[in-house]
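Chains as they are written, first to last, in the numbering used here: chain A, -17 to 294; chain B, -17 to 294. Ideal Cβ positions, reconstructed from N, Cα and C, are used throughout, including at glycine. Computed from a predicted model, the values in this text were never measured in an experiment.
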């Protein structure tokens, strides 16, 4: 029976094409170039939301049972700090622009090459997409957004680089625009990141799920240089979307990007809300299992209660 | 047994003093004036988080079983629109400042009088506090923050006025500061609200849960005039914190307040994250009950799976 469940899991994963964090990986292959944008069947609210993902597909079982699920609160005791020298990160520029898709569950940029080399493993960049508000908590603190750069190895392992995005100050933005020399280190959390401003400048053109647009030319070095200059908080977690597969190598950057208030409103009005609730500490029981026990006990108490009190 | 559970529920509610949305109401009376700030025992992450509130206290059972729980997605079909003329809202200014407390689960301003009169009922203002990111979703869209003004009637009914807070643009903020004549309607979502800037100017002084500070003088008319000039989206829901009591009259404002990026960072660094996940559509089964069934099925499948496959 163990084998059957496993087989079912793999079969279901391999045959479905769903829009999610795994989009563009072996778990959820993309449509061919020029093909239609596939829209996700899961969501973030109600019965298709993260509390019920396991019930949507047999393949999603681990969403409710896995003990190393993401996102988590990046508190001091759950991650290892990886120094910049131990990571090689490259992302190709996209001088002709990139395909930018609305998958219903996120907005995603299809990349044109890039790699992550860490601990002797090599991963190839597939895409990056956005969550709003942030999925990981930065030591208990919600961030405005989070960017996920999704990599896959030749052996189909998945690594994700997560980068928090804060709201840039309009005044700082104006100053940065006027200045020809930008001190990047100082502007990390206060000035808008040009890459994000460029991408989000066309996000209103993909307001409808299933649509796509070509971005203006994208220069990736600004973000890559920022991210690879700072340590990463690493841990072994999962996809934050169905099928919630585990064994994902998370690299949460300690560098932060910025988005201008105007661009934030634009992308927020398209994304809406796509943040999975914080999962339990890695290695602890899935919080949905704990919740189910507590809820079941409550349900039994309610069900057992007669409407009319028995005679004393 | 029905009566015993009810009695237990009421007894537990009446005898405990917890920091929450119900703080300052009959459910969770405040300490006397000048008393210590009581810090909440629930939280937003892991086993003390919203997926497990029902298991923390018998009194919290309805968090997992209630069918009219808050917050919800304020989509078109779940609320009634209440016109401004049908609501009387007043909030007293606080010329000597107000007590501003860190309850661990939120930061809260203790008010000094105010009332809400609606549908022939009269409610008295107890306090207002903040959630980050927003708890309600504005037609599927997450907002940066949400302010909850909590009112209680003489018969101990609770009404809450919820107001979304967006990130104000720094440029707009600077312009508003320079201008002596502010067009309130235009500035709703782009300029910072003076009341919020004033309150949050001292939020870093209550970074530690259990501490309090006196705010500068608070003029309430700016916010009250804005809010009472726009329709409310009303529905019958619950407290968004334990004990999740239902029968709460929600009035979600269609006016929005603004917070400057700098003040947002200040208050975010104190609050961290205190947003309960979106609940099911009012009248539908509690999403934790639905989740428990799905999770239980998944758990059974995992538990039933032998490690070694049986011979064919």
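- For the pair residue 102 of chain A and residue 4 of chain A, the Cα-to-Cα distance works out to about 23 Å.
- Between residue 265 of chain A and chain B, the shortest Cβ-Cβ separation is not below 8 Å.
- Taking 9 Å as the Cβ-Cβ cut-off, the segment 34 to 52 of chain B approaches chain A at 34, 35, 36, 37, 38, 40, 42, 43, 44, 45, 46, 47, given in chain order.
- A contact between stretches requires three or more CB pairs, one per stretch, nearer than 8 Å, and the segment 189 to 202 of chain B fails this requirement with the segment 43 to 55 of chain B.
- Short of 6 Å from the beta carbon of residue 111 of chain B, and not among the five residues preceding or following it, lie these beta carbons of its own chain, in chain order: 88, 90, 130.
- DSSP places residue 62 of chain A outside any alpha helix (DSSP H); the residue lies instead in the beta strand (DSSP E), whose first and last residues are 62 to 64.
- For a Cβ distance threshold of 9 Å, nothing in chain B lies close to residue 86 of chain A: the least Cβ distance comes to about 12 Å.
- Separation of the CB atoms of residue 269 of chain A and residue 33 of chain B is rounded to 5 Å, and the pair is thereby assigned contact status at 8 Å.
- Taking a C-beta distance under 8 Å as the contact criterion, residue 124 of chain A and residue 199 of chain B do not qualify as a contact pair.
- Not flagged as an interface residue toward chain B: residue 7 of chain A, since no C-beta distance is shorter than 8 Å.
- At the C-beta level, residue 86 of chain B and residue 263 of chain A stay beyond 8 Å of one another.
- Cβ proximity to chain A below 7 Å picks out 114, 115, 119 from the segment 105 to 119 of chain B.
- According to the DSSP assignment, residue 182 of chain B belongs to the alpha helix (DSSP H) that extends over 176 to 182.
- For a cut-off of 8 Å, the C-beta gap from residue 106 of chain A to residue 134 of chain A is around 6 Å, short enough to register as a contact.
- For the C-beta of residue 189 of chain A, not a single chain B residue is nearer than 7 Å; the gap to the nearest is close to 12 Å.
- Per the coordinates, the alpha-carbon of residue 30 of chain A lies some 5 Å from the alpha-carbon of residue 24 of chain A.
- In this structure, residue 149 of chain B places its C-beta atom within 8 Å of the C-beta atom of residue 149 of chain A.
- The alpha-carbon separation between residue 8 of chain B and residue 9 of chain A amounts to approximately 52 Å.
- Residue pairing of residue 99 of chain B in beta bridges, as defined by DSSP: B:70, B:104.
- The Cβ neighbour count for residue 190 of chain B, taken over all protein chains shown within 10 Å, is under 16; the residue is labelled exposed.
- Contact between residue 19 of chain A and residue 83 of chain A is confirmed by a C-beta separation of about 5 Å, below the 8 Å threshold.
- In the DSSP annotation of this structure, the continuous segment of the alpha helix (DSSP H) that includes residue 253 of chain A starts and ends at 243 to 253.
- In this chain, the alpha helix (DSSP H) harbouring residue 204 of chain A covers 203 to 210.
- Minimum Cα-Cα distance from residue 60 of chain B among the listed residues B:249, B:256, B:232 corresponds to B:232.
- Under the Cβ criterion of 8 Å, residue 260 of chain A is counted among the residues facing chain B.
- Rounded to whole angstroms, residue 242 of chain A and residue 179 of chain A show a C-alpha spacing of 7 Å.
- The closest CA to that of residue 76 of chain A, considering only A:177, A:187, A:185, is found on A:177.
- Exposed is the label assigned to residue 65 of chain B, since fewer than 16 other Cβ atoms lie within 10 Å of its Cβ.
- Between residue 234 of chain B and residue 56 of chain B, the CB-CB gap stays under 8 Å.
- For residue 36 of chain A, the enclosing alpha helix (DSSP H) covers residues 35 to 38.
- Here DSSP, grouped into helix, strand and coil, assigns residue 262 of chain A to coil.
- Burial state of residue 132 of chain A is buried, judged by a 10 Å Cβ sphere holding 16 or more other Cβ atoms.
- DSSP places residue 230 of chain B inside the beta strand (DSSP E), whose first and last residues are 228 to 235.
- Distance from residue 151 of chain A to residue 244 of chain B at the Cβ level is roughly 6 Å; contact confirmed, criterion being Cβ atoms closer than 8 Å.
- Just so you know, the alpha carbons of residue 186 of chain B and residue 254 of chain B end up roughly 13 Å apart.
- For residue 141 of chain B, the uninterrupted beta strand (DSSP E) run begins and ends at 140 to 149, by DSSP.
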